[in-house]
Structure formats: C-alpha cells, structure tokens
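Engineer: So that we are looking at the same thing, I have put the structure below in structure tokens.
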Amino acid sequence: MSKIPQFYQKVYHICRKVPKGKVTTYKALAEKLGSKAYRAVGRAMNKNSNGILNCKGRNMVPCHRVVGSSGHLVGFAHGLKKKAELLRKEGIKVKNNKIKDFDKVLFRF
DNA sequence: GCTTTGACTCTCG
DNA sequence: TCGAGAGCCAAAG
C-alpha cells in the first residue's frame, strides 16, 4: 500500500493535521519529523503533488497550507498564484504571495 | 554506491 | 530592504 517512503508519508500525515484556515511551515514539519530536512519535506510534496492536492477523496493533503518559514508563499507545483487563491478561500488573508496574519493562521503542533 | 537535485532556511553583503 | 551564497537532509538518477 505504501509506495512512498516513510519520510514522505510522515510529512503528509502532519500536513493533514493542519486544520482548515491554518497554515504551517516546512521548518515546523521538519522539526516535527525530528530532522532538519526542510528541502526533503518540500521535495516530498513536489514528487507526489500530482494527485495529492486534488482534495477529492480522503487522500487530501493540504499542501497549499504549507508555507515558508517567514510566512511567505514558496514554490508550488501549480503556481504560487493558485496557492494564494486556495489559502484565501480557506479564510487566510494572502497579500502578494505573503500571509497577512501569519501569526494568527500559523498552526502550532 | 556516488552524484545531483529540490515546493527550504540562514547569514552575509 | 533586497540579493546572492552556503548549509542541510533525504530521495531519485
């Protein structure tokens, strides 16, 4: 069933823990994983983003809720613009690819 | 099995 | 304030 490494699955699991209207950072994810593989976390998304951010079934992983350490939107498979739109739909204020109330929407584990 | 890459982060200029 | 460079970890080639 698991075709993807544990590290990736762990990242997805944490992402799924982020409630709607909240966002998290790659750093927080890596820290939660017990590693500093900020890049590995992002890489995991990009590699599997194909069918993940579909948000259709239970496989929904809010990758768009994962932002940079400073609350600024970073890389997105579909484009940062799309990411900003998605976040805005969640109730998060995004301005110029940047989280407006980052401190308020930042979800802490 | 080593090298390259990547949706990152931090520090210096 | 913005730009460039170095560091870090894990997976894929």
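Using my numbering, read the first sequence as starting at 8 and increasing by one per residue.
The C-beta atom is built at its ideal place from N, Cα and C for all residues, glycine as well.
The model shown is predicted, which means the values in this text are computed figures rather than measured ones.
1. Quick test of your reading: Phe-14 and Ala-47, contact by CB under 8 Å. State the CB separation rounded to the nearest angstrom.
2. Run through DSSP, which three-state label would Lys-100 get?
3. Throw me the rounded Cβ distance for the Val-30 and Leu-94 pair, which I believe falls under 8 Å.
4. Skipping 5 residues on each side, what residues in its chain have a beta carbon closer than 6 Å to that of Gly-78?
5. Please report the straight-line C-alpha distance between Val-68 and Val-112, rounded to a whole angstrom.
6. Can you grab the Cα-Cα spacing for the pair Gly-28 / Lys-102, in whole Å?
7. So what does DSSP say about Ile-106, is it helix, strand or coil?
Structural biologist: Straight from the coordinates:
1. 6 Å
2. coil
3. 7 Å
4. Ile-106 and Phe-109
5. 17 Å
6. 15 Å
7. strand
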